[in-house]
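Following my numbering from start to finish, the sequence shown increments by one per residue and tops out at 353.
Quick reminder that beta carbons are idealized off the backbone N, C-alpha and C, glycines included.
Notes for the one structure printed next.
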Amino acid sequence: MPVPEQSQQLNNRISAYQAIAKAVNRDESLPCIYEACHRIIQSLMPAPNMYVSIAEPEGLRFPYFCDQYNPESPLDLYPREGLTGYVVNTGKSLWLKQSGLPPETRTIGRESIDLIACPIPSPDGQTIGVLTVQTYEKDESYVQEDLDFLMFVAHELSLAIRLADKDRQLAIDRIANLVEETVDEADLYPKIQTVMQSIIRPAKKNFLIARVDEAAGVFRPVYIRDASGWVLPESWPLEDGLSGYLYNIRKRSFIYQEGVTELPKEATLPTNEAPFYWLGVPIEWASRIIGVIIIQSYDRNEALTVEDEHALNGIAPFLASTIGKTEFYSRMRKQ
Numbered sequence: 019m020p021v022p023e024q025s026q027q028l029n030n031r032i033s034a035y036q037a038i039a040k041a042v043n044r045d046e047s048l049p050c051i052y053e054a055c056h057r058i059i060q061s062l063m064p065a066p067n068m069y070v071s072i073a074e075p076e077g078l079r080f081p082y083f084c085d086q087y088n089p090e091s092p093l094d095l096y097p098r099e100g101l102t103g104y105v106v107n108t109g110k111s112l113w114l115k116q117s118g119l120p121p122e123t124r125t126i127g128r129e130s131i132d133l134i135a136c137p138i139p140s141p142d143g144q145t146i147g148v149l150t151v152q153t154y155e156k157d158e159s160y161v162q163e164d165l166d167f168l169m170f171v172a173h174e175l176s177l178a179i180r181l182a183d184k185d186r187q188l189a190i191d192r193i194a195n196l197v198e199e200t201v202d203e204a205d206l207y208p209k210i211q212t213v214m215q216s217i218i219r220p221a222k223k224n225f226l227i228a229r230v231d232e233a234a235g236v237f238r239p240v241y242i243r244d245a246s247g248w249v250l251p252e253s254w255p256l257e258d259g260l261s262g263y264l265y266n267i268r269k270r271s272f273i274y275q276e277g278v279t280e281l282p283k284e285a286t287l288p289t290n291e292a293p294f295y296w297l298g299v300p301i302e303w304a305s306r307i308i309g310v311i312i313i314q315s316y317d318r319n320e321a322l323t324v325e326d327e328h329a330l331n332g333i334a335p336f337l338a339s340t341i342g343k344t345e346f347y348s349r350m351r352k353q
C-alpha cells in the first residue's frame, strides 16, 4: 500500500476515535448516540449490520438493531444464547473469521461471513452489554484494527449507558420523594412533569396525565401541557384514540413513530395536529388501570425512542404508587 494511502487511513482512524469520544459525550439520548456511533463505524469498515445488546437480569434486550435480514424487537427480552450470549457470559470479544464458532455455541438467524462482537464492560469488570457488527458479503471481512476500534467504542458506550441508568434511578428516587414533599395532588402533576422531562426531553413541551372514570366510562385529563395549543375536552370515551387502545387492548406501553410504526386498527391519532411521535403507558394501582401518561412530539427533531419507552416503563410503577399515595393522603387531610 502506498505511503500516502497508509497515512490517510491512519488519519481517518484517528478522526474516528475522536468522533466516537465526542458522540458519546454529547447530551443526547442513547438511540441517537448508538446511531452516531454506527455512522462513524461504517466510515471505517463494512458495518451495515450493527446492534447493541443490553444484559438484563431476565435476558438480552436489543435497544439498537440494524440488520439487513434479522429484525428484533427493541423492547422484548431474548435468551442469553448464540454469539451474543457467549460474549455476555464469557466477557471476551469474538472475531468470527479469526477464532471460528465457539464450542457448543450456535448462531441465531442468518449466518455471517464475518462478525466482531465486543463486550460492553462496567467498571467492576462485569459485562453489561455487547456491541456487534457483522457482514453477509463474501468479499468483506474485518482486520485487527477493526477489532481494536470496536473495543474502544464498546468502552465509550459503557459510560453513556451507565449515565442513562443513573439518570433513570435519580428520577425514580425523586418521584418516590414527591409523596413526602407534596401536600395536594394538584401540586403533584407539574412536579412529575419536571422529573420526566429530565430523562425524556419531549415531556417538557407535551405531557398529559388522564385519569379513568370507570363509572362514567371516560378519561378525564388532570394535567396537560401541549405545544400545539390543543385544547383537550373535559373527557373522552375510554374506547377512543391511542389512550383507549392502551386501556382496553394493549394494557402496556405503546410508542408511535411516524414512518416507522404501523398504527393498530383499533387506534387513531388525534385529529387536530397529529404528532410525529407518541408514547403512552397505563398507570396501574391496586391491580387496576387508573389512568394513562402520554408524551408526544410535534417536532421531527425531538424524537421519542424505544429507550424512552424503556425508561417510562421502568418509572411507571413508581409514578402510579406516588399518585395513589398522594391522592390517599390528600383525601385523609380533607376529612
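**Asked** If you draw a straight line from the C-alpha of residue 68 to the C-alpha of residue 55, how long is it?
**Response** If you number the sequence shown from 1, residue 68 lands on position 50. If you number the sequence shown from 1, residue 55 lands on position 37. So the two alpha carbons sit approximately 10 Å from each other.
**Request:** Would you verify that the beta carbon of residue 73 is, or is not, closer than 8 Å to some beta carbon of chain D?
**Result:** In summary, chain D is missing from the structure at hand, where a single protein chain is found.
**Request:** On a CA-only basis, which of 274, 187, 149, 342 is nearest residue 321? Give me that one, please.
**Result:** Working through the sequence shown from its first residue, we reach residue 321 at position 303. Considering only alpha carbons, the answer is 274.
**Request:** Please report how far the alpha carbon of residue 59 lies from the alpha carbon of residue 278, in whole angstroms.
**Result:** As a working mapping, residue 59 is identified with position 41 in the sequence shown. As a working mapping, residue 278 is identified with position 260 in the sequence shown. Answer to the nearest angstrom: the Cα atoms are 24 Å apart.
**Asked** Which class does residue 6 belong to by DSSP, given the choice of helix, strand or coil?
**Response** The question about residue 6 has no answer, for the chain in this structure spans 19 to 353.
**Message:** So, with DSSP's three-state summary, where would you put residue 70?
**Reply:** Residue mapping note: residue 70 aligns to position 52 of the sequence shown, counting from 1. Strand at residue 70.
**Message:** Checking 8 Å against the spacing of the C-beta atoms, do residue 301 and residue 190 come in under that value?
**Reply:** Here the question's residue 301 lines up with position 283 in the sequence shown. Here the question's residue 190 lines up with position 172 in the sequence shown. No, they are not a contact pair.
**Prompt:** Beta-carbon separation of residue 133 and residue 81 under 8 Å?
**Reply:** Within the sequence shown, the letter at position 115 stands for residue 133. Within the sequence shown, the letter at position 63 stands for residue 81. Their beta carbons are not under 8 Å apart, which means residue 133 does not touch residue 81 by this criterion.
**Asked** Going by Cα to Cα distance, which pick from 156, 106, 297 is closest to residue 313?
**Response** On the sequence shown, position 295 is the one that residue 313 refers to. When only C-alpha atoms are compared, the closest one is 297.
**Asked** According to DSSP, which residues form a beta bridge with residue 147?
**Response** What you label residue 147 is simply residue 129 of the sequence shown in a count that begins at 1. DSSP, once it has assigned bridges, lists 72, 138 as partnering residue 147.
**Message:** Within 10 Å of its beta-carbon, does residue 79 have 16 or more other beta-carbons around it, so buried, or fewer, so exposed?
**Reply:** Start at 1 with the first residue of the sequence shown, and residue 79 comes out as number 61. With 16 or more other Cβ atoms within 10 Å, it is buried.
**Asked** In three-state terms, what does DSSP make of residue 81?
**Response** Sequence index remark: in the sequence shown, residue 81 carries index 63 (1-based). Note: residue 81 maps to strand in three-state DSSP.
**Prompt:** Do residue 44 and residue 51 come within 8 Å of each other at the CB atom, strictly closer than that value?
**Reply:** As a first step, residue 51 must be located in the sequence shown, where it is residue number 33. As a first step, residue 44 must be located in the sequence shown, where it is residue number 26. Yes, the pair counts as a contact, with Cβ atoms nearer than the cut-off.
**DSSP-derived helix/strand/coil call for residue 231** = Stepping through the sequence shown from its first residue, residue 231 is reached at position 213. Three-state DSSP puts residue 231 in a strand.
**Prompt:** Would the stretch 249-261 and the stretch 234-241 be scored as touching if the rule is three or more Cβ pairs under 8 Å?
**Reply:** yes
**Prompt:** Do the stretch 181-188 and the stretch 92-102 meet, that is, are 3 or more Cβ pairs less than 8 Å apart?
**Reply:** The way I'd put it, the stretch 181-188 doesn't touch the stretch 92-102; fewer than three beta-carbon pairs between them come closer than 8 Å.
**Prompt:** Bridge partners of residue 170, per DSSP?
**Reply:** Position 152 of the sequence shown holds residue 170. Answer is none; residue 170 lacks a bridge partner.
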